[in-house]
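J.: Quick note: to get my numbering, add 52 to the position in the sequence shown (first position is 1).
Beta carbons: idealized from backbone N, C-alpha and C, even for Gly.
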Amino acid sequence: MTRLAAALAVAVACLALPLQAAELTLRYAAPAPDTPQGWEQQALPIGNGRLGAMLFGQVARERLQFNDITLWTGDAKVMGAYQPFGDVVLELDGAAGPVSDYRRELDIGRARHRVRYTQGGVRFERETLASHPAQVIAWRLSASRPGRYSGRITLTDRHGATLSASGSTLTAVGALPNGLAYASQLRVLHEGGSITAEGNSLTLRGVNALTLILGAGTSYRDGQVDGPAPLPRVQAQVAAAPPWPRLRAEHDRDIQALLGRVQLDLGT
Numbered sequence: 053m054t055r056l057a058a059a060l061a062v063a064v065a066c067l068a069l070p071l072q073a074a075e076l077t078l079r080y081a082a083p084a085p086d087t088p089q090g091w092e093q094q095a096l097p098i099g100n101g102r103l104g105a106m107l108f109g110q111v112a113r114e115r116l117q118f119n120d121i122t123l124w125t126g127d128a129k130v131m132g133a134y135q136p137f138g139d140v141v142l143e144l145d146g147a148a149g150p151v152s153d154y155r156r157e158l159d160i161g162r163a164r165h166r167v168r169y170t171q172g173g174v175r176f177e178r179e180t181l182a183s184h185p186a187q188v189i190a191w192r193l194s195a196s197r198p199g200r201y202s203g204r205i206t207l208t209d210r211h212g213a214t215l216s217a218s219g220s221t222l223t224a225v226g227a228l229p230n231g232l233a234y235a236s237q238l239r240v241l242h243e244g245g246s247i248t249a250e251g252n253s254l255t256l257r258g259v260n261a262l263t264l265i266l267g268a269g270t271s272y273r274d275g276q277v278d279g280p281a282p283l284p285r286v287q288a289q290v291a292a293a294p295p296w297p298r299l300r301a302e303h304d305r306d307i308q309a310l311l312g313r314v315q316l317d318l319g320t
């Protein structure tokens, strides 16, 4: 084995240390700026091998920027370029006051993004993961007191898709100039309070806790852009996503099956 190969093997093994052997968590005491530079240098990523997202950890207005590995402008003859898919934007009412005990972290060992902070005597928590078993991105928001979530949720698009809102669901359907069809859907499950569709957004009023389920996909198949329309598949994935406790547990088992395969003890 060459020195380079040996070094790579050690690096990979270190990344695969089980959680009890090495804590793999990045922690920050402030949100990432929602700017291009903040996106590049400070926002934190999650992903499941197909869907990915970047999170900033902002309090009053949080943006989850998401991608699908097959959204690109090329085809079998033209290289093209990888494209951003869209954004989920959460705007909270009454969230402009002072914030204390803020923590933003990426738990690499469990593949989860978390934000915690206190505002107005209430402890708020958010947790986000990209589930490989369910093929969705899930975003859980809770608070230490009931009725603390009011505001608006919007699903935005970068490529001129048709946007719609119905019940507690937001949908985007479109196509790139190369003929690649794409679709995304966001379903919001809430506890307490109410959610109503207004225009192309959802309005929250007095919600205790909520879980956002995001699915996305394209018509890309085997190097071609003219595969089956993606919306039915995306709708099925969003509808089939299990409740948050089970989705989280299945995600943990899936991640640990990978990260728990190797143990390396280099001594002290």
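Alpha carbons only, please: which of His242, Gly138, Glu250 is nearest the one belonging to Thr263?
T.: Taking the first residue of the sequence shown as 1, we reach residue 263 at position 211. If we check each option's Cα against that of Thr263, His242 comes out closest.
J.: Are there three or more Cβ pairs, one per stretch, closer than 8 Å when the stretch 287 to 304 is compared with the stretch 162 to 181?
T.: Note that the stretch 287 to 304 touches the stretch 162 to 181; at least 3 beta-carbon pairs, one per stretch, sit closer than 8 Å.
J.: Taking the C-alpha atoms as reference points, what is the distance between Leu326 and Ala227?
T.: What is shown of the chain runs 53 to 320, which leaves residue 326 out entirely.
J.: Excluding the 5 residues preceding and the 5 following Arg79 in the sequence, name in chain order all residues of the same chain whose CB lies nearer than 6 Å to its CB.
T.: Residue mapping note: residue 79 aligns to position 27 of the sequence shown, counting from 1. For Arg79, where only same-chain residues beyond five positions count, the Cβ hits under 6 Å are Glu157.
J.: Do you know offhand how far Ser152's Cα is from Arg200's?
T.: Along the sequence shown, read from residue 1 onward, the residue named residue 152 stands at position 100. Along the sequence shown, read from residue 1 onward, the residue named residue 200 stands at position 148. Roughly 17 Å separates the two Cα atoms.
J.: In whole angstroms, give me the CA-to-CA distance for Gly203 and Val259.
T.: In the sequence shown, the residue the question calls residue 203 occupies position 151. In the sequence shown, the residue the question calls residue 259 occupies position 207. Gly203 and Val259: Cα-Cα distance of roughly 10 Å.
J.: What's the call for Gln315, buried or exposed, on a 16-neighbour Cβ count within 10 Å?
T.: Position 263 of the sequence shown, counted from the start, is the residue given in the question as residue 315. It counts as exposed.
J.: Look up Arg385 in the DSSP assignment and say whether it is helix, strand or coil.
T.: Limits of the chain in this structure are 53 at one end and 320 at the other, which puts residue 385 out of reach.
J.: What number of angstroms, rounded off, separates the C-alpha of Phe108 from the C-alpha of Pro284?
T.: By one-based count along the sequence shown, residue 108 stands at place 56. By one-based count along the sequence shown, residue 284 stands at place 232. Computed Cα separation, rounded: 30 Å.
J.: Can you name the start and end residues of the beta strand (DSSP E) that Gly138 belongs to?
T.: Counting from 1 along the sequence shown, the entry for residue 138 is found at position 86. That run of the beta strand (DSSP E) goes 138 to 144.
J.: Please state whether DSSP places Gln117 in a helix, a strand or coil.
T.: As a working note, residue 117 is residue 65 in the sequence shown. The answer is strand: DSSP assigns Gln117 an E or B state.
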